[in-house]
Amino acid sequence: MFVAMLLAIPVLGPALLAAWVVIRPGKRADPIEVMALPLAEIPSDGVRTFRVQYRRQHGAFVEDVERVVYLRRKGNNVIALSAECTHLGCNVHFDAANKKFACPCHKGTFDLDGAVLGGPPPAQLRRLKAIVPTDAAAPVRLEI
Numbered sequence: 000m001f002v003a004m005l006l007a008i009p010v011l012g013p014a015l016l017a018a019w020v021v022i023r024p025g026k027r028a029d030p031i032e033v034m035a036l037p038l039a040e041i042p043s044d045g046v047r048t049f050r051v052q053y054r055r056q057h058g059a060f061v062e063d064v065e066r067v068v069y070l071r072r073k074g075n076n077v078i079a080l081s082a083e084c085t086h087l088g089c090n091v092h093f094d095a096a097n098k099k100f101a102c103p104c105h106k107g108t109f110d111l112d113g114a115v116l117g118g119p120p121p122a123q124l125r126r127l128k129a130i131v132p133t134d135a136a137a138p139v140r141l142e143i
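Taking numbering that gives the first Met the number 0, the leading residue of the sequence shown gets 0, the next gets one more, and so forth.
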């Protein structure tokens, strides 16, 4: 048995090394910046749904990602919230009548700023960094 293991090292060693090169985690990439909407198109009395599309790389794997982000204006600032519930990752929807976000999976609810109002979510909705331009016609940029 020991001899068989010694003989297998020259065969399995290169294969394991090649597999490690492909599957090892890569360095964390810098944030990706995407253009959203001009400030004037983002409401202060509700939210605007925005689809974000970008390419993400993890080691050797490249993935095209599409996410939903909710945008709300608060003065001259923009609150950008991920639509992904912090409980199990379901997409929340905006309940305009009650001015809150609701998760259809397990009835989690969040206020307009993303704070948990009820249900099982352990944390608030994830906030994305929103960079507001000085020109109101220019698009707000989001860091993903």
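Note that CB positions come from ideal geometry on N, CA and C, so glycine has one too.
#1: Using only alpha-carbon positions, find the residue among Arg-72, Val-51 and Arg-71 that is nearest to Asp-63.
#2: Spell out the partners DSSP gives Ile-78 in its beta bridges.
#3: Cutting at 6 Å between CB atoms, please list the residues of its own chain near Val-46, excluding the five before and the five after it.
#4: So what does DSSP say about Ala-39, is it helix, strand or coil?
#5: Determine the DSSP secondary structure at Lys-106, reduced to helix, strand or coil.
#6: Please report the Cβ distance between Pro-30 and Ile-143, rounded to the nearest whole angstrom; I am assuming they are in contact, meaning their Cβ atoms lie under 8 Å.
#7: In its own chain, which residues sit with a C-beta less than 8 Å from the C-beta of Ala-39, not counting the 5 before and 5 after it?
#8: Under a three-way DSSP split, which group does Ile-143 fall into?
#9: Which residue or residues does DSSP assign as beta-bridge partners of Ile-31?
On the basis of the data shown:
#1: Counting from 1 along the sequence shown, the entry for residue 63 is found at position 64. Among Arg-72, Val-51 and Arg-71, the Cα nearest to that of Asp-63 is on Val-51.
#2: In the sequence shown, the residue the question calls residue 78 occupies position 79. Beta-bridge analysis with DSSP links Ile-78 to Arg-71.
#3: In the sequence shown, residue 46 corresponds to position 47, counting from 1. Excluding the 5 residues flanking it on each side, Val-46 has same chain C-beta neighbours closer than 6 Å at Tyr-69, Arg-71 and Phe-93, in chain order.
#4: The residue you call residue 39 lines up with position 40 of the sequence shown. In the three-state reduction of the DSSP assignment, Ala-39 falls in the helix class, which pools H, G and I.
#5: Within the sequence shown, residue 106 is the residue found at index 107, counting from 1. In the displayed model, Lys-106 falls within coil according to three-state DSSP, outside both helix and strand.
#6: The count along the sequence shown starts at 1 and reaches residue 30 at position 31. The count along the sequence shown starts at 1 and reaches residue 143 at position 144. Rounded, the Cβ-Cβ distance is 6 Å, consistent with contact.
#7: In the sequence shown, counting from the first residue as 1, residue 39 sits at position 40. Excluding positions up to five away in sequence, the list reads Ala-135 and Ala-136.
#8: Taking the sequence shown and counting its residues from 1, one reaches residue 143 at position 144. The answer is coil: DSSP assigns Ile-143 none of H, G, I, E or B.
#9: Numbered from its first residue, the sequence shown carries residue 31 at position 32. Per DSSP, none; premise fails for Ile-31.
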